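S.K.: Sharing a structure below in structure tokens format, with a few things to ask.
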Amino acid sequence: MAASCMLRSSFLSPNPNLHQQSSPKSNRASFFTPIKATSSTDDAISKSPQLQKHRRPADENIREEARRDVSSHNFSARYVPFNADPNSSEWYPLDEIIYRSRSGGLLDVQHDMDALKKFDGQYWRSLFDSRVGKTTWPYGSGVWSKKEWVLPEIDSDDIVSAFEGNSNLFWAERYGKQFLGMNDLWVKHCGISHTGSFKDLGMTVLVSQVNRLRKMHKPVVGVGCASTGDTSAALSAYCASAGIPSIVFLPANKISMAQLVQPIANGAFVLSIDTDFDGCMQLIREVTAELPIYLANSLNSLRLEGQKTAAIEILQQFEWEVPDWVIVPGGNLGNIYAFYKGFHMCKELGLVDRIPRLVCAQAANANPLYVHYKSGWKDFKPVKANTTFASAIQIGDPVSIDRAVFALKKSNGIVEEATEEELMDAMAQADSTGMFICPHTGVALTALSKLRKAGVIAPTDRTVVVSTAHGLKFTQSKVDYHSKEIKNMECRFANPPVQVKADFGSVMDVLKKYLLSKNSKF
């Protein structure tokens, strides 16, 4: 608690001494001085007025409490053309409603790195660590605990958050050993979140900025998106929390019922359109150019600022040690760039000394990045996305193709693909070891399996697979698999229920046979 209080106090009133670079060892000592635990020191700590945190007044909520604790700093961010020439003078304030550069290219959020570098890596590590697990507004969020690196200029009162992030980094012990011969495999469960997918990380940032714009009386009536399911769920939930109208374009009969019901339940205005995701994306871009509807798709670079915090969080959960590999499912391809950006910022600001190699995993039925990678990055061509159980990445013309290629080149990355049978088998295998993953995570696990068999990933490499959505959103695909009702699929790991007569002898016969199959000594 003492370290936490000191860090907060130091940050809100920056101490010039913190601007000096120092070794992690000496800095750690200054922040975390060991105290021998004795009854006298315990009594002293409990009685010390400086170390006691007084509860806020009963009639004050955490947002109101935050208003009394306003920080002052010189951090800032702005829009610039993605991967622009360093000498380019084109930039836009984040309060401007703009999605493309003058040339029609993508935009990126650029932070004032010189201002951030005035604080060393140990300072940032300690500050971020001090906020984990707290309820202080808005730092209880895994995204907003890195506020200075996300939207540094937004007022905390404008933030719309469900304390998203801080998701489980799961040691996949049995799966790694049994199926891959690995002892250091981890699954980052981004789907254990407010609406059940990683999209919450970006949507809290985007909707918070929209909330700010509306308070500034900018021409924003509502927020709209094209979606394959998860984006619409996140958008509708955060807009509902802030009282902002949300408009959703969904491809008809292309998403699961669990995904469809989320925006409906949260009060979104849902249009079911007879086209695929790419068609919905084209329509929403045309509509937002004509109406006061703010575009929420990953064409908007604000979302990537929230999504990059998952990368920072992985490093934080490994106590700032860098994994060897991070594998991310890819559809519209903003997330692979977001992970690169998070890792790169940590390296540039001195929190770590390297970044992991990235792998983008695509479904073979929607694999434009994989085809582009296999061609040696020559002449990208969109593809017609065919139906895949990994419906959220069923995208043939990804908006963030340039971002993804940039991230993969900079991280010495790889692209792999998974057939429908491969991804469903991988999902069933993972579930059999205690997980309950989505088909998109099955795509990522298939990519890992192929790279292990090829010897690219070693058995001792620390590897993180990013699970992008909760398996409960995709129960129908699991039911179909275990019922062996998927056409032209063997469903090798199906585990259907056994039909048994309602008498003791029949039940005993079935159980004996089952136990014998598990233990021949029985």
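Start counting the sequence shown at 1; every next residue gets the next number (UniProt numbering).
Beta carbons: idealized from backbone N, C-alpha and C, even for Gly.
Keep in mind that this is a model prediction, so the values were computed, not measured.
Taking DSSP as the reference, what is the three-state secondary structure of Q110?
M.R.: strand
S.K.: According to DSSP, is C360 part of a helix, a strand, or is it coil?
M.R.: Residue state, collapsed to three classes: strand.
S.K.: Specify, as a first and last residue, the run of the beta strand (DSSP E) that G104 falls within.
M.R.: Here G104 belongs to no beta strand (DSSP E), and DSSP marks it neither H nor E.
S.K.: Measure how close the beta-carbons of V223 and S246 come, nearest whole angstrom, since I'm counting them as under 8 angstroms.
M.R.: 5 angstroms
S.K.: By Cβ distance, which residues of its chain are closer than 6 angstroms to N166, with the 5 residues on each side in sequence left out?
M.R.: G142
S.K.: Who pairs with V415 in a beta bridge, going by DSSP?
M.R.: C360
S.K.: Does W325 come out as helix, strand or coil in the three-state DSSP assignment?
M.R.: strand
S.K.: Per DSSP, what are the beta-bridge partners of A226 in this structure?
M.R.: F249
S.K.: Are I284 and N300 closer than 8 angstroms when you measure CB to CB?
M.R.: Taking 8 angstroms as the cut-off, the Cβ atoms of I284 and N300 do not count as close.
S.K.: At the level of alpha carbons, what is the spacing between D425 and K478?
M.R.: Straight-line Cα distance between these residues: approximately 10 angstroms.
S.K.: Tell me where the beta strand (DSSP E) around R78 begins and ends.
M.R.: 77-81
S.K.: How big is the Cα-Cα spacing for K378 and M216?
M.R.: 45 angstroms
S.K.: Return the CA-CA distance between S375 and K381, expressed in angstroms with no decimal places.
M.R.: S375 and K381 have their C-alpha atoms spaced approximately 11 angstroms apart.
S.K.: Between the C-alpha atoms of E313 and Q110, what's the straight-line distance to the nearest angstrom?
M.R.: Near 20 angstroms, if we compare the C-alpha coordinates of Q110 and E313.
S.K.: Going by C-alpha distance, which of A444, L302, A242, I393 is nearest W149?
M.R.: L302
S.K.: What residue ranges within the region 121-194 form continuous beta strand (DSSP E) runs of no fewer than 3 residues, ordered along the chain?
M.R.: 169-171, 185-189
S.K.: Taking C-beta to C-beta, are residue 567 and F277 nearer than 8 angstroms?
M.R.: Because the chain spans 1 through 522 in this model, residue 567 falls outside it and cannot be assessed.
S.K.: The beta strand (DSSP E) spanning F504 covers which residue range?
M.R.: Where F504 is concerned, there is no enclosing beta strand (DSSP E), although the alpha helix (DSSP H) it sits in stretches over 504-518.
S.K.: Can you tell me whether D200 is buried or exposed? The criterion is at least 16 other CB atoms within 10 Å of its CB, across all chains shown.
M.R.: buried
S.K.: Work out the CA separation of F343 and P323 for me, nearest whole Å.
M.R.: 11 angstroms
S.K.: Quick one: what's got a C-beta closer than 8 angstroms to M489's C-beta in the same chain, skipping five residues either side?
M.R.: E420, E421, M424, Y481
S.K.: Which word fits G331, buried or exposed, when buried means at least 16 other C-beta atoms lie within 10 angstroms of its C-beta?
M.R.: So G331 ends up on the buried side.
S.K.: Provide the residue span of the beta strand (DSSP E) that contains Y294, from first to last.
M.R.: 293-295
S.K.: When DSSP labels each residue in this structure, what does A469 get in the three-state scheme?
M.R.: strand
S.K.: Please return the same chain residues whose Cβ sits closer than 6 angstroms to the Cβ of N367, not counting the five positions on each side in sequence.
M.R.: E417
S.K.: Short of 8 angstroms in beta carbon distance, which residues of its chain neighbour R452, apart from the five on each side in sequence? Order them along the chain.
M.R.: L180, G181, M182, P459
S.K.: Output needed for A502: all residues of its chain with C-beta closer than 6 angstroms, excluding positions within five of it in sequence on either side, in chain order.
M.R.: none
S.K.: Is V210 helix, strand or coil by DSSP?
M.R.: helix
S.K.: For P24, does the three-state DSSP call read helix, strand or coil?
M.R.: Confidence at P24 is low in this model, with a pLDDT of 41, below 50, so the placement of that residue should be treated as unreliable; the coordinate-derived value is given next. DSSP places P24 in helix when its eight states are reduced to three.
S.K.: Helix, strand or coil: how does DSSP classify S432 here?
M.R.: coil
S.K.: Helix, strand or coil, according to DSSP, for P496 in the structure here?
M.R.: coil
S.K.: Kindly indicate which residue of P152, S208, E64 has the alpha-carbon position closest to the one of Y294.
M.R.: S208
S.K.: For S517 and V510, I'd like the C-alpha separation in whole angstroms.
M.R.: 11 angstroms
S.K.: Could you give the DSSP three-state label for V287: helix, strand or coil?
M.R.: In the displayed model, V287 falls within a helix according to three-state DSSP.
S.K.: Terminal residues of the continuous alpha helix (DSSP H) containing F339?
M.R.: 334-348
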